[in-house]
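Note sheet for the following structure.
There are 4 protein chains.
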Amino acid sequence: MEQPQQSAGPEEAGAEAGKPPLRVGMVGYAFMGAAHSQGWRTAGRVFDLPLRPVLTALCGRDAAAVRAAADRHGWATTETDWRALIARDDVDLVDICTPGDSHAEIALAALAAGKHVLCEKPLANTVEEAETMAHAAETAFTTRGRLAMVGFNYRRVPATALARRMVAEGRLGPLRHVRVTYLQDWLNDPEFPLTWRLRKELAGSGSLGDLGAHIVDLAQHLVGERLAGVSALTETFVRQRPLPGGPSSGLAGGAGGAAHGTGTVTVDDAAVFTGRFASGALASFEATRYATGRKNALRLELNGERGSLAFDLERLNELWFHDATEPAVHAGFRRILVTEPDHPYLDGWWPPGHGLGYEHTFVHQARDLVHAIAEGRVPEPSFAEGLQVQRVLAAVEESAEKNSVYTPIAD
Amino acid sequence: MEQPQQSAGPEEAGAEAGKPPLRVGMVGYAFMGAAHSQGWRTAGRVFDLPLRPVLTALCGRDAAAVRAAADRHGWATTETDWRALIARDDVDLVDICTPGDSHAEIALAALAAGKHVLCEKPLANTVEEAETMAHAAETAFTTRGRLAMVGFNYRRVPATALARRMVAEGRLGPLRHVRVTYLQDWLNDPEFPLTWRLRKELAGSGSLGDLGAHIVDLAQHLVGERLAGVSALTETFVRQRPLPGGPSSGLAGGAGGAAHGTGTVTVDDAAVFTGRFASGALASFEATRYATGRKNALRLELNGERGSLAFDLERLNELWFHDATEPAVHAGFRRILVTEPDHPYLDGWWPPGHGLGYEHTFVHQARDLVHAIAEGRVPEPSFAEGLQVQRVLAAVEESAEKNSVYTPIAD
Amino acid sequence: MEQPQQSAGPEEAGAEAGKPPLRVGMVGYAFMGAAHSQGWRTAGRVFDLPLRPVLTALCGRDAAAVRAAADRHGWATTETDWRALIARDDVDLVDICTPGDSHAEIALAALAAGKHVLCEKPLANTVEEAETMAHAAETAFTTRGRLAMVGFNYRRVPATALARRMVAEGRLGPLRHVRVTYLQDWLNDPEFPLTWRLRKELAGSGSLGDLGAHIVDLAQHLVGERLAGVSALTETFVRQRPLPGGPSSGLAGGAGGAAHGTGTVTVDDAAVFTGRFASGALASFEATRYATGRKNALRLELNGERGSLAFDLERLNELWFHDATEPAVHAGFRRILVTEPDHPYLDGWWPPGHGLGYEHTFVHQARDLVHAIAEGRVPEPSFAEGLQVQRVLAAVEESAEKNSVYTPIAD
Amino acid sequence: MEQPQQSAGPEEAGAEAGKPPLRVGMVGYAFMGAAHSQGWRTAGRVFDLPLRPVLTALCGRDAAAVRAAADRHGWATTETDWRALIARDDVDLVDICTPGDSHAEIALAALAAGKHVLCEKPLANTVEEAETMAHAAETAFTTRGRLAMVGFNYRRVPATALARRMVAEGRLGPLRHVRVTYLQDWLNDPEFPLTWRLRKELAGSGSLGDLGAHIVDLAQHLVGERLAGVSALTETFVRQRPLPGGPSSGLAGGAGGAAHGTGTVTVDDAAVFTGRFASGALASFEATRYATGRKNALRLELNGERGSLAFDLERLNELWFHDATEPAVHAGFRRILVTEPDHPYLDGWWPPGHGLGYEHTFVHQARDLVHAIAEGRVPEPSFAEGLQVQRVLAAVEESAEKNSVYTPIAD
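Protein chains in written order, with my numbering: chain A, 52 to 462; chain B, 52 to 462; chain C, 52 to 462; chain D, 52 to 462.
Take a look at the structure:
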């Protein structure tokens, strides 16, 4: 069997149409790296983009592993030093999929090198880092037209995008209540090892930064305003966990213990907090990895004077809407199957009822970022928005440390 | 058509079997009065009780209205002064269905007169009143064997009773999370009038005492332990409301305004609060009358290391259970239709799948109270339990006033 | 403790208001008898009826058992011979809750004696019996103003009554599809005994008459037209079952076998059939007692050009409505919680969201029958409607015997 | 910006590992073509395949259109004549995504040319064609080792694959009931035009072949046995429809009418049928495009003596299981979120709770076909299985024509 001569590969969708490339270099290739790869590979196949994303280079510390990942996910070349990646002329955008402790350093360098940046959430592990990043992004935009975006992908579920549209249209009226939970259960097993996500020096925080960041961003995005303050409780249910087994994990380095000993969890296992939005709506939040049986239950409900919306990420093709302007005799929460051609992002996909999945949020994220870059406008969520989320998380931690006292969010 | 000569009426179920009567006198006949009447009338028809409840006397201030209500609901006689009711020799138990501001006075008098007492929730409008009541109940029991119970009827939904049984059996293991909401929406309309429930001097509090009392009691009952402390936000969204229109409402007297003016809402519209249980579980609560589209959504979920339970009062025949001891490949939240003969309270009712409704909780409440009286043991929830709930509500209010600071619950 | 002198018992609600009585004599006191008792006892307590139902006499063959049942359910007197019951002057209405093989004889005698009749479904075990009954009912009405009704209680779930109203209002437009199942699973256990419901000479048929009658009636009622013809398959999965154990069951007499032997099931275990409505809609039906895990799943869906409705008896307070006249972007099946004051039957019950249960259908049935009697108009469903359902069931059986050939329904 | 030198494109995943290619040529590029493209592009990125799929050539009649489609979907080259495609040496597998009337001709030619074949369902428009195809596939396999598969993709939803596994493990015990519907509503609008899917000469049949083929295959696959016979009704609700507007549609050619006239629908709009499985289970089926509000509701339920399973394609990440071997007090239908690593196909995807979508079935289909080819074994579903489904559909049509008489399925 011979190898065909090909005019284009998938990572060059649009080459024939003369579309200019957007050459992506990505740092990190674990869970988020795989998801982002799928997004970059697919966006140009499904949507008619102004630029064609090219999966130019993948970066990771282990040369063999990154080579295998690049092969698997469709990246043309590899690097083992992110500084080398950033130095390449053939990379237009740096996509940061590493743990939070390295976000700031990489992003700042990439922006300084004139690259666009997509950075996974949370933007950083501290407010200070996030401030520096937001400032750098602002400068890169105003001085060189470079763009930076933070990866709150759940804004780009068609159902949440529809929810945002409906709130903006005034269909809910003045909001009274916002309640959001993000429930997972993978730490329920006390024998689950002490991975990097459980160590404060790497992850910054636990459920709060991992899950809480998502729901704070999503709630503020949907409501269209910011939280004014919060009152919080956090808890670490299981404080000692086994260290990860071997060198292959690559995540246990420096934990200060033998591979078969135990180590101390230094992040929160769960956070529950309440808050107020600027216009007076009450909010409640819960982020946990101990909600037995809930696998990915990002659930939200907004109640306004004219209507309500509800969503559950475990059924992500559905948005529930109650229209209180209808006669009570026929009113009720309706299940909108968000798969119609007029729904956000659905023009590129399948017929009604043929649902999408989790990874499609990354396809949509790539799509929107490509458009923003082509048009030279700041994408949403910007680093400034990522910084503001970081401030909310910091206020949550401060409140939890100060006996739950209501803690205003700094501007 | 002639009137038959009858040997017994429904309020005397068991007379032929020589069962002694339990002669009930009830104060108040609005919503709760109708529900309690249905409970007293029906309990002996469905369950084999040791005493036969007799609907002896109904009490209300308006003679004609109370007479019509007695006729409608099956009460033999009427009184217009609750002191006269308590003075009657032919009343064994006083059932208090009035607004919270009169609970203490009536209950104390009834206990002093040697009556058993059933008192609607919340037990009282203040902790002080509740303390006096709990003390009086204790005295009445130890000195005269009289019994007192508070009407937290939601403990007696078959599904919640099953949940309590399963928690007690250890099926959830150590608890991590308790989240409970009680969502209604009848105040969503700003034109809804200023009824007694919106006036602090009559109702004590708003959503907090009305809905929050239920969920605090139910959560503690299901968990089997007490809240250690809370952190709270409360809000009144609509502060001015029209006064109730005419004399027929009977609820606006003394509001100090013309029938067509407006008055000030002096209670909370909504309360969101978090808390900790003694053993470390995190809890979140929300009580509101502004959750558009939610009519009676008392929703709770308990997450433990071995399993989870979920319930929604709008689908009260269902209990959802996740058994985390099963292999993950076959595990999932299961919908237990709580209509099997072995389920709590179901032995008296219909075949599997033939569901019960809201009012059945009052039938079960009557059943359990009759058994407790026949056996001379303190029924649950006792006035002491009602007092403890009151202390939680007071801590919620205190926290809300003190910038949400975490407020321990007094013992 | 003295017995109070009472002016009225529950079975005489309205006596004080001078309402004339409707004196009921009921034959049979098993499952249906208990349900009807609850209906008669409660209707006048909840609704303002023009007549006050009086539970005058209960009839059963075993004197002690019927006495105990009367005491339990609130019937004033007892009879052991239904002919004696019918002969009583103080009985205005005969309520027939026996197995189907005795419906015709009792109903005909009662109508001949000038009584109103309420007869449980199915109306009879054969079309011939049903024809005689319908004819007798017609004669009793035209000659003496006596009324007869068949007990298809599921028309009186608030949600199905609302569905009927919405279809009649044209909200669904021309109907395309009607699909209805009635799924139970209590015969799933092969050791379940051979009760009367499994013997053709007593029950007439199996799932078909028990469950199929309900869904045929309900479907035709909701659609507002009759089935034109059907094509059917029936099956008996377990043909030999243990005979019921002892004399206490009272249902196995004459089965021709020792109490601990086995006997032959002579009815269908399940029936699946399709059909056409007069105006062209396609229909599918399924009635079974072998749908493992489904306890009382009477599920129906109607699809019309302008909208759809769906209902499940296991969640009987909900009606699902899809309004296809709305823009697709916001359309979806909505859950109408059928507990609003404007919903059918809800004016007498509880606030929104405080749901009803199975037995309330019998309260509503009693209410509607009392109104029909007071107004002298033929109640729905009439015996003529019961006869027509019987004809559909006969056509199902005929089709099943004739290789599923499409079998028109006789007029 | 320079174009990077790439060692591999996505369509060559595995090239570095020395994996041999599987060079695909696809005919047709509408809805199914887009879905298959996504499958071929992605399978090697997510799963570790023994061969690496290469999107070698796309074929369509309009040169410009097929070129644009190839560019969009990642195909290296194009052809405008399917015979030319089949003649190419660099194509190993022909993937047929055209309407049913051309399946037989293309598949037979491709098999004769020594290609593997993947053919969209239904296998053919007639039993005769399907027989020829199945015979050719058998010959191609035995004589040359070439493989043929029919594209019943819904076998490859993780939830349905799990259902099949659970049935095969005996978790349901002897089956009693199988009920399956496939409900869509896109023909509800009478102004929807007369596309090729509504013309018998192109589509073979309507809902029956399009939707009914899926549910017949899926039901037989899950049950693990074949239907013995069926009894059917079919209907065409709207018989005249507007002709498609312009040449751009490409589907109306030769319809014999002006673009703005109307034409006759010559296929069924809906089919409802019942049947028996060989071992005695009763089955009911419904396929329609008029189920208002149902967009892609392939719903199935299996009831066995030991358990039940239920599935709805509109919530494709969920499988509902009732285990009747558990005590009734804790039993209930459980929602298995089919996203665990041990679930079928899930090893390649995301963490638990991060659901998949419709298109993933095509990724899984490509994966399974690649494995079958690498191992030289006949893939499932084979052309023989596709033929048997065709025989069921033919029996449905025959029964519908013969007054619904029960019609055995030919072997």
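Here a beta-carbon is modelled for each residue, glycine too, at the ideal position from N, C-alpha and C.
Using three-state DSSP, classify residue i as helix, strand or coil.
i	result
P71(B)	coil
I147(B)	strand
G202(D)	strand
W247(A)	helix
A185(B)	helix
T93(B)	helix
H411(B)	helix
R112(D)	coil
G76(D)	strand
I387(A)	strand
R215(B)	helix
R230(C)	strand
T129(B)	strand
Since residue i meets chain A, which of its residues come closer than 8 Å, beta carbon to beta carbon?
i	result
E391(C)	A379, V380
Would you mind telling me which residues of chain C sit closer than 7 Å to residue i, beta carbon to beta carbon, in chain order?
i	result
W371(B)	What W371(B) touches in chain C: nothing, since even the nearest Cβ is about 13 Å away.
So with CB distances below 8 Å, who are the chain B contacts of residue i?
i	result
F384(D)	R385, R386
G344(A)	N354, G358, S359, H373, A375, A382, G383, F384
F288(A)	R227, G331
Looking at residue i: is its Cβ nearer than 8 Å to the Cβ of residue j?
i	j	result
R357(C)	F372(C)	no
V267(D)	L444(D)	yes
L262(B)	T211(B)	no
D319(A)	T343(A)	no
R103(D)	G65(D)	yes
L144(A)	A423(A)	no
P430(B)	P209(B)	no
E410(B)	I387(B)	no
L159(A)	M184(A)	yes
G151(C)	G260(C)	yes
Going along chain A, which residues have a C-beta under 7 Å from residue i?
i	result
H394(C)	V380
I want to verify the contact list: residues of chain D whose CB lies under 9 Å from the CB of residue i, in sequence order.
i	result
H272(A)	The contacting residues do not exist; H272(A) stays about 20 Å from chain D at best.
R327(C)	L284, E286
Is residue i close to chain F, meaning its C-beta is less than 8 Å from at least one C-beta of that chain?
i	result
L397(D)	Any reference to chain F falls outside this structure, whose protein chains are A, B, C and D.
Residues of chain A with a CB under 9 Å from the CB of residue i: which are they?
i	result
Q416(D)	What Q416(D) touches in chain A: nothing, since even the nearest Cβ is about 15 Å away.
Problem - Segments assigned beta strand (DSSP E), at least 3 residues, entirely inside the segment 242-287 of chain A - result: 278-286
Handout entry: Validate contact between the segment 444-454 of chain B and the segment 69-76 of chain C using beta carbons, cut 8 Å, 3 pairs
Key = no
Handout entry: Contained beta strand (DSSP E) runs [length at least 3] in the segment 291-371 of chain C, N- to C-terminal order
Key = 291-293, 313-315, 321-328, 333-339, 348-355, 358-363
Exercise for the section: Take every Cβ of the segment 225-245 of chain B, pair it with every Cβ of the segment 336-353 of chain B, and state whether three or more of those distances are shorter than 8 Å. Expected result: yes
Practice task
Answer yes if the segment 114-125 of chain D comes into contact with the segment 80-88 of chain D, meaning at least three C-beta pairs across the two stretches below 8 Å, and no otherwise.
Solution key: yes
Exercise for the section: Check whether the segment 397-404 of chain C touches the segment 238-245 of chain A, taking contact to mean three or more Cβ pairs, one atom from each stretch, closer than 8 Å. Expected result: no
Exercise for the section: Specify whether the segment 430-441 of chain D and the segment 185-205 of chain D touch according to this definition: at least 3 beta carbon pairs, one from each stretch, less than 8 Å apart. Expected result: yes
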